[in-house]
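Enquirer: Residue numbers (my numbering), protein chains in the order written: chain A, 65 to 547; chain B, 7 to 111.
1) Would DSSP call residue 422 (chain A) helix, strand or coil?
2) How would you write the range of the beta strand (DSSP E) that residue 136 (chain A) sits in, first residue to last?
3) Kindly indicate the opening and closing residues of the beta strand (DSSP E) around residue 129 (chain A).
4) I think residue 156 (chain A) touches residue 516 (chain A), with their Cβ atoms under 8 Å apart; what is that distance to the nearest whole Å?
5) What is the DSSP secondary structure of residue 403 (chain A), counted as helix, strand or coil?
6) Tell me, please, which residues DSSP counts as bridged to residue 189 (chain A).
7) Mind checking if residue 363 (chain A) is an interface residue toward chain B, Cβ cutoff 8 Å exclusive?
8) In whole angstroms, what separates the C-alpha of residue 246 (chain A) from that of residue 63 (chain B)?
9) Would you tell me roughly how many angstroms separate the C-alpha atoms of residue 272 (chain A) and residue 337 (chain A), rounded to the nearest one?
10) When you compare the CB of residue 46 (chain B) with every CB in chain A, is at least one pair closer than 8 Å?
11) Could you name the residues that DSSP lists as bridge partners for residue 54 (chain B)?
12) Give the range of the alpha helix (DSSP H) segment to which residue 328 (chain A) is assigned.
13) Use the C-beta contact count for residue 161 (chain A): other C-beta atoms within 10 angstroms, 16 or more gives buried, fewer gives exposed.
14) So for residue 102 (chain B), helix, strand or coil by DSSP?
15) Taking the alpha-carbon positions, what's the residue 256 (chain A) to residue 330 (chain A) distance?
16) If the criterion is Cβ atoms closer than 8 Å, does the pair residue 74 (chain A) and residue 136 (chain A) meet it?
17) In the DSSP assignment, find the unbroken alpha helix (DSSP H) run with residue 501 (chain A) in it and report its ends.
18) Would you kindly check if the distance between the Cβ of residue 215 (chain A) and the Cβ of residue 202 (chain A) is under 8 Å?
19) Mind checking whether residue 375 (chain A) and residue 397 (chain A) have CB atoms under 8 Å apart?
20) What does a CB cutoff of less than 7 Å around residue 40 (chain B) pick up in its chain, not counting 5 residues either side in sequence?
21) Below 8 Å between beta carbons: does that hold for residue 138 (chain A) and residue 392 (chain A)?
22) Mind checking whether residue 449 (chain A) and residue 126 (chain A) have CB atoms under 8 Å apart?
23) Using DSSP bridges, identify the partner residues of residue 415 (chain A).
24) Grab the span of the alpha helix (DSSP H) containing residue 455 (chain A) for me, first residue to last.
25) Could you work out which residues of chain C lie near residue 29 (chain B), taking near to mean beta carbons separated by less than 8 Å?
26) Please state whether DSSP places residue 527 (chain A) in a helix, a strand or coil.
27) I need the boundaries of the alpha helix (DSSP H) containing residue 264 (chain A), first residue and last residue.
28) For residue 481 (chain A), does the three-state DSSP call read helix, strand or coil?
29) Determine the DSSP secondary structure at residue 433 (chain A), reduced to helix, strand or coil.
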């Protein structure tokens with residue numbers, strides 16, 4: 065028997081992220097006690113940067129390795145780049161935020177790196193064991209991260225809720241995988257598809273059950289209605305930097321696994337899932353947007369807005385064509401920049417013991433902190449889909465994919481929803497520029513790392529809005545192996 | 007000599023389905039977080055039973071290996087989950103799911 069070839073360059077980014085995770089833990093143990101540990105964040109940043117430079121040479125190679133369990137194809141690489149950007153910006157925010165809230169110890173940074181590792185594995189796995197392990201590595205790290213603020217009852221509660229519901233959803237996902245395995249006898253996504261194609265198993269009850277269970281399991285991770293109930297609670301209670309990481313990273317990784325499993329393993333069932341996902345997409349958009357209107361906490365409002373954004377992305381998933389799939393990749397990248405930027409503004413407006421997360425706290429911000437208010441406005445307008453920002457181009461691709469696939473009603477409902485969402489995004493802007501402050505917010509410190517994250521997010525948002533074609537053509541090339 | 011009769015694989019799958027349903031119903035209706043978590047573990051083990059049945063029935067080793075991974079992940083999850091419950095009990099003196107309601111709407 066011949067042992068399979070092992071090409072470590074394929075998983076070099078993952079190895080580097082893991083090694084730096086352990087390194088951060090070790091440095092934390094041996095460092096002198098009682099010292100400010102800002103260098104731990106810098107060390108993690110370095111790890112992410114090195115992993116990024118080891119990802120770039122893999123662009124366009126399209127290799128698979130480890131007995132075809134692990135793919136470094138365009139799809140995986142695009143998601144890895146998005147995830148590494150998210151991790152980089154999250155760590156930059158954390159360098160300012162974590163020491164302020166007293167959670168700037170090694171475990172915090174290490175867990176962010178381990179969660180990043182899990183996300184990358186989810187994007188790259190072409191075997192259900194790999195996808196499952198990636199999902200769980202990510203989820204377990206995030207359960208802990210959500211409860212990092214041990215003294216804060218809300219943070220503990222959010223970890224508790226996320227854990228119980230997350231484990232519950234894992235059960236459904238696993239049962240779906242078990243049925244898929246039972247019906248086709250394989251855990252390789254490609255073999256599953258070819259077996260279904262050759263035996264014509266379109267009405268196999270086990271496969272239909274598995275489709276339903278997989279929809280539940282992944283629907284939970286991407287926070288689609290009706291599996292979204294945890295989202296606002298967890299996003300509000302978790303430390304803000306972790307919320308930003310969850311809203312962008314977990315969603316990106318969840319969509320990568322959803323796309324990979326459904327498009328590679330179950331393309332034969334496209335007519336079946338289209339009708340279900342149509343309903344889920346409409347419900348997710350409408351529900352997220354309508355409830356977001358009545359929120360008075362900015363983190364909660366952004367949580368409902370993230371539910372709505374999952375709905376927009378599902379519109380492209382329903383369309384199921386090439387434009388839609390590359391639109392999803394583009395959307396997730398644009399969403400990463402604008403959402404992380406918005407959360408950075410939320411963090412910069414707070415200080416130790418005073419989070420200032422009520423929407424009324426933003427009143428009069430435009431006069432006191434004009435640059436912060438201007439950046440927040442840019443991010444909110446981008447999420448609302450106003451040109452020339454990244455969010456507009458993302459929505460444009462997603463909705464034109466729906467039109468191209470002749471889902472006219474879906475596109476119309478999406479645009480109506482987008483119009484509704486303008487109301488609550490603009491409400492914050494109006495408060496910032498046209499209201500007198502209700503109470504004084506003083507003593508904000510703009511430490512360099514979060515400010516840098518803010519600038520990078522601004523650049524990303526503008527770049528994707530003004531020059532979208534580079535990233536879009538990269539996304540279009542990336543999905544070549546997928547469909 | 008007494009021979010053990012072969013049990014058809016369908017029966018194992020039905021048992022696994024029943025266990026899974028007990029887990030789901032328990033996780034939804036019980037109020038104590040620990041019991042809810044036990045029900046979730048029951049769901050995961052029902053899935054393991056399915057995997058092993060399929061593995062034997064299909065003569066393929068993959069399912070058994072998956073079952074091992076599920077066990078390892080369930081153990082990691084239990085460690086994290088019980089730590090979160092302890093943290094919750096310290097701050098709130100309860101692990102009753104209904105009383106954990108600071109965050110709503």
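By construction, the Cβ of each residue, glycine as well, lies at the ideal position given by its N, Cα and C atoms. Since the structure is predicted, the reported quantities are computational estimates derived from the model, not experimental observations.
Expert: Let me spell this out:
1) Here residue 422 (chain A) is taken as the residue at index 358 of the first chain, counted from 1. If DSSP states are grouped into helix, strand and coil, residue 422 (chain A) belongs with the strands.
2) In the first chain, counting from the first residue as 1, residue 136 (chain A) sits at position 72. From DSSP, the beta strand (DSSP E) with residue 136 (chain A) extends over 134–136.
3) Numbered from its first residue, the first chain carries residue 129 (chain A) at position 65. Segment 127–129, the beta strand (DSSP E) holding residue 129 (chain A).
4) By one-based count along the first chain, residue 156 (chain A) stands at place 92. By one-based count along the first chain, residue 516 (chain A) stands at place 452. That belief holds up - the Cβ atoms of residue 156 (chain A) and residue 516 (chain A) are roughly 6 Å apart, short of 8 Å.
5) Locating residue 403 (chain A) in the first chain gives position 339, counting from the first residue. If DSSP states are grouped into helix, strand and coil, residue 403 (chain A) belongs with the helices.
6) Translated into the one-based positions of the first chain, residue 189 (chain A) becomes position 125. According to DSSP, residue 189 (chain A) bridges with A:134.
7) Counting from one through the first chain, the residue named residue 363 (chain A) turns up at place 299. Judged by the 8 Å Cβ criterion, residue 363 (chain A) is not in contact with chain B.
8) Within the first chain, the letter at position 182 stands for residue 246 (chain A). Within the second chain, the letter at position 57 stands for residue 63 (chain B). Cα-Cα distance, rounded: 9 Å.
9) Counting from one through the first chain, the residue named residue 272 (chain A) turns up at place 208. Counting from one through the first chain, the residue named residue 337 (chain A) turns up at place 273. Roughly 10 Å between the two C-alpha positions.
10) On the second chain, position 40 is the one that residue 46 (chain B) refers to. It does; some Cβ of chain A falls within 8 Å.
11) Residue numbering aside, residue 54 (chain B) sits at position 48 when the second chain is read from its first letter. Per DSSP, none; premise fails for residue 54 (chain B).
12) Translated into positions along the first chain, residue 328 (chain A) becomes position 264. Here residue 328 (chain A) belongs to no alpha helix (DSSP H), and DSSP marks it neither H nor E.
13) Counted from its first residue, the first chain places residue 161 (chain A) at position 97. Result: buried.
14) As a first step, residue 102 (chain B) is located in the second chain; it is residue number 96 there, counting from the start. It is a strand residue.
15) Taking the first chain and counting its residues from 1, one reaches residue 256 (chain A) at position 192. Taking the first chain and counting its residues from 1, one reaches residue 330 (chain A) at position 266. One C-alpha to the other measures close to 8 Å.
16) Stepping through the first chain from its first residue, residue 74 (chain A) is reached at position 10. Stepping through the first chain from its first residue, residue 136 (chain A) is reached at position 72. Closer than 8 Å, so yes.
17) Locating residue 501 (chain A) in the first chain gives position 437, where the first residue counts as 1. Where residue 501 (chain A) is concerned, there is no enclosing alpha helix (DSSP H), given that its DSSP letter is neither H nor E.
18) Position 138 of the first chain, counted from the first residue, corresponds to residue 202 (chain A). Position 151 of the first chain, counted from the first residue, corresponds to residue 215 (chain A). It is not a contact, given that the beta carbons lie outside the stated cut-off.
19) Counted from its first residue, the first chain places residue 375 (chain A) at position 311. Counted from its first residue, the first chain places residue 397 (chain A) at position 333. Not closer than 8 Å, so no.
20) For the purposes of this step, residue 40 (chain B) is taken as the residue at position 34 of the second chain. Closer than 7 Å at Cβ, skipping near neighbours: 91 and 101.
21) What you label residue 138 (chain A) is simply residue 74 of the first chain in a count that begins at 1. What you label residue 392 (chain A) is simply residue 328 of the first chain in a count that begins at 1. No.
22) The sequence position of residue 449 (chain A) within the first chain is 385, counting from 1. The sequence position of residue 126 (chain A) within the first chain is 62, counting from 1. Not in contact: residue 449 (chain A) and residue 126 (chain A) (Cβ atoms no closer than 8 Å).
23) Position 351 of the first chain holds residue 415 (chain A). Residue 415 (chain A) pairs with A:418.
24) The residue given as residue 455 (chain A) occupies position 391 in the first chain. From DSSP, the alpha helix (DSSP H) with residue 455 (chain A) extends over 454–468.
25) The structure shown contains no chain C; its protein chains are A and B.
26) Taking the first chain and counting its residues from 1, one reaches residue 527 (chain A) at position 463. Helix at residue 527 (chain A).
27) As a working mapping, residue 264 (chain A) is identified with position 200 in the first chain. Premise fails: residue 264 (chain A) is in no alpha helix (DSSP H) and is neither H nor E.
28) Indexing the first chain from 1 puts residue 481 (chain A) at position 417. Of the three classes helix, strand and coil, the one that applies to residue 481 (chain A) here is helix, per DSSP.
29) Taking the first chain and counting its residues from 1, the one referred to as residue 433 (chain A) is at position 369. Note: residue 433 (chain A) maps to coil in three-state DSSP.
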